[in-house]
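Note sheet for the following structure.
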Amino acid sequence: MRGRLLCAVALAAVALPATAPAAHAQRRTENVVIITTDGLRWQELFRGAERRLIDRRAGGVADTTALLRDFWREDPAARRARLFPFLWGEVAARGVVFGNQDAGSIARITNPYRFSYPGYAELFTGFADPDINSNAFPPNPNVTVLEWLARQPRFRGRVGAIGTWDVFHNIFNAQRAGIDVRDGWDEPFPGDEGRDARRAMVNDLYRTGLRYWPEVAFDAPMQLAVKEYIRLRRPRVLFVGYGETDEWAHGGRYDLTLRSAHQVDAFIRDLWTHLEGIPQYRGRTTFIITTDHGRGSGAAWTDHGREVAGAEDIWVAVLGPDTPALGEVRGGAAVQQAQVAATIAAVLGLEAEFRAASPRAAPALPVLRR
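Structure follows, in structure tokens:
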């Protein structure tokens with residue numbers, strides 16, 4: 001960490017307007033990567049490992065000694081930095097992080113259901129649709145910000161989504177939207193795309209891997225698919241959806257939840273470093289990192305849903321060339337998951353146009369320089 005790493009952010013700084021029309025011509029962001037790690041609690045992000053869950057009975061931990069060695073530190077700042085070294089060492093140091101309730105920063109979903117499809121729909125459309133009340137809901141009737149961007153001439157054919165969960169094609173309504181969605185266990189590079197040796201290897205991992213969760217692929221092969229997709233398509237707008245943090249938590253395995261969260265942090269670092277090595281992306285890319293819902297506390301840490309208190313609480317982090325180094329937000333107005341959609345448009349200088357096309361969308365998060 002750099003010094004204390006996270007300085008208190010003045011309310012005036014947090015209240016920066018999300019867009020400044022006069023500054024659009026000077027906006028440096030030309031690409032945006034939206035990253036979710038499904039169902040990751042704010043408690044782990046801001047407090048690190050929870051001691052009472054590093055236990056065989058309470059957390060399903062197979063080797064408590066190893067988990068304590070790897071992730072427990074007495075100091076909370078050291079503990080969370082151990083679990084998420086990139087998020088705290090780079091993203092928070094150079095960007096902004098919302099959602100530490102211990103510091104008075106509140107980030108919440110607005111849909112009442114507190115599970116995945118409604119959460120992702122809210123995140124990408126900018127509003128909660130009460131009709132979207134099931135993970136088995138059919139293709140999203142609402143236009144997401146990704147679909148809207150894909151209709152703009154400069155982004156046509158340059159918008160993609162890759163996720164471990166096989167429902168993303170419905171969330172983004174891929175058939176109507178005309179955007180590239182590759183999800184679940186489907187081979188990510190069909191047809192002629194799979195002739196390339198590296199992409200064929202990735203396809204083999206998907207085809208031959210043990211399907212522990214029939215609807216959710218593992219994060220590691222997807223990470224390889226994402227990097228190959230970038231090499232192949234050079235997207236300007238890309239969604240990346242990791243899923244293991246939710247699945248292991250549902251399975252009552254706190255040890256594997258922590259290890260998956262730590263690995264997601266490493267994957268995000270890997271993507272950032274990878275893109276910084278490509279001229280199209282270097283110094284021109286904003287990362288927006290968040291989750292689709294929270295989870296309960298105590299014995300309810302494994303669960304979420306309408307009846308689970310705390311499952312409405314989330315977090316959001318932003319790192320990019322147009323975001324000031326505000327660090328960890330302390331106090332200030334509550335922010336909403338619904339604000340992420342307009343934020344995606346805003347970092348590209350298009351918030352006003354997006355919200356004119358989608359008037360129900362919430363305003364962008366206050367993450368841009370004046």
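Sequence positions in the sequence shown follow my numbering and run 1 to 370. We treat Cβ as the ideally placed atom computed from N, Cα and C, and that holds for glycine.
Below 8 Å on the Cβ atoms is my contact criterion, and I expect residue i with residue j to pass it. Report the Cβ-Cβ distance as a whole number of Å.
i, j, result
"Glu-276", "Arg-269", "In fact, because the Cβ distance is near 11 Å, the residues do not count as touching under 8 Å."
"Ala-128", "Ala-364", "The Cβ separation is near 17 Å, so there is no contact."
"His-293", "Ile-314", "7 Å"
"Ala-317", "Leu-87", "6 Å"
"Glu-122", "Ile-109", "6 Å"
"Glu-244", "Trp-165", "Not a contact, Cβ separation roughly 11 Å."
"Arg-295", "Gly-126", "Rounded, the Cβ-Cβ distance is 24 Å, inconsistent with contact."
"Gly-320", "Val-340", "Rounded, the Cβ-Cβ distance is 14 Å, inconsistent with contact."
"Leu-60", "Gly-252", "Here residue 60 turns out to be Gly, not Leu, going by the sequence shown. About 4 Å; that satisfies the 8 Å criterion."
"Pro-235", "Arg-158", "5 Å"
"Ala-93", "Ala-325", "7 Å"
"Ala-249", "Leu-83", "Contact flag wrong, Cβ pair sits at about 14 Å."
"Arg-370", "Asp-322", "No, Arg-370 and Asp-322 are not in contact; Cβ-Cβ is about 11 Å, not under 8 Å."
"Leu-224", "Val-202", "5 Å"
Check the DSSP bridge columns for residue i and list the partner residues they point to.
i, result
"Val-387", "With the chain running from 1 to 370 in the structure shown, residue 387 is simply not present."
"Tyr-242", "Thr-37"
"Ala-107", "Val-335"
"Gly-327", "Val-96"
"Thr-286", "Val-32"
"Asp-313", "Arg-108"
"Leu-319", "Phe-287"
"Trp-213", "Val-216"
"Val-237", "Val-32, Val-159"
Decide if residue i is buried, meaning its Cβ has at least 16 other Cβ atoms within 10 Å, or exposed.
i, result
"Pro-76", "exposed"
"Leu-210", "exposed"
"Gly-104", "exposed"
"Gly-178", "exposed"
"Pro-17", "Its pLDDT being 38, under 50, Pro-17 is placed unreliably in this model, and the value from its coordinates should be taken loosely. Under this definition Pro-17 is an exposed residue."
"Arg-80", "buried"
"Arg-195", "exposed"
"Tyr-254", "buried"
"Tyr-229", "buried"
"Pro-21", "Any reading at Pro-21 must be qualified, since the residue scores a pLDDT of 41, below 50, and its modelled position is unreliable; the value itself is stated next. By the neighbour-count rule (16 or more Cβ atoms within 10 Å), Pro-21 is not buried but exposed."
"Ser-358", "buried"
"Ala-25", "Confidence at Ala-25 is low in this model, with a pLDDT of 43, below 50, so its placement is unreliable and no value can be given for it."
"Glu-353", "exposed"
"Glu-307", "exposed"
"Pro-139", "exposed"
"Thr-290", "buried"
"Arg-28", "exposed"
"Ser-134", "exposed"
"Tyr-113", "buried"
"Asp-204", "exposed"
"Arg-182", "buried"
"Thr-65", "exposed"
"Val-9", "Low confidence applies here, because Val-9 scores a pLDDT of 36, under 50, leaving its location unreliable; read the following figure in that light. Label assigned to Val-9: buried."
"Arg-57", "exposed"
"Gln-43", "buried"
"Ala-361", "buried"
"Asp-102", "exposed"
"Gln-280", "exposed"
"Tyr-206", "buried"
"Arg-52", "exposed"
"Arg-355", "buried"
"Pro-141", "exposed"
"Thr-208", "exposed"
"Glu-50", "buried"
"Arg-156", "exposed"
So with Cβ pairs under 7 Å, would you call residue i a contact of chain B?
i, result
"Arg-236", "Included in the structure is just one protein chain, with no chain B present."
Would the stretch 320 to 335 count as touching the stretch 289 to 302 if we require 3 or more Cβ pairs under 8 Å?
no
Taking 8 Å as the threshold, find out whether the stretch 183 to 195 comes into contact with the stretch 259 to 268 through three or more Cβ pairs.
no
Can at least three beta-carbon pairs, one atom from the stretch 29 to 46 and one from the stretch 233 to 243, be found at a separation below 8 Å?
yes
Three-pair Cβ contact test at 8 Å for the stretch 137 to 149 versus the stretch 167 to 176:
Between the stretch 137 to 149 and the stretch 167 to 176 there are three or more inter-stretch CB-CB distances shorter than 8 Å, so the stretches are counted as touching.
In the stretch 116 to 171, which residue ranges form an unbroken beta strand (DSSP E) of at least 3 residues, counting only runs that do not cross its ends?
159 to 163
May I have a chain-ordered list of the beta strand (DSSP E) segments no shorter than 3 residues that lie completely inside the stretch 35 to 81?
none
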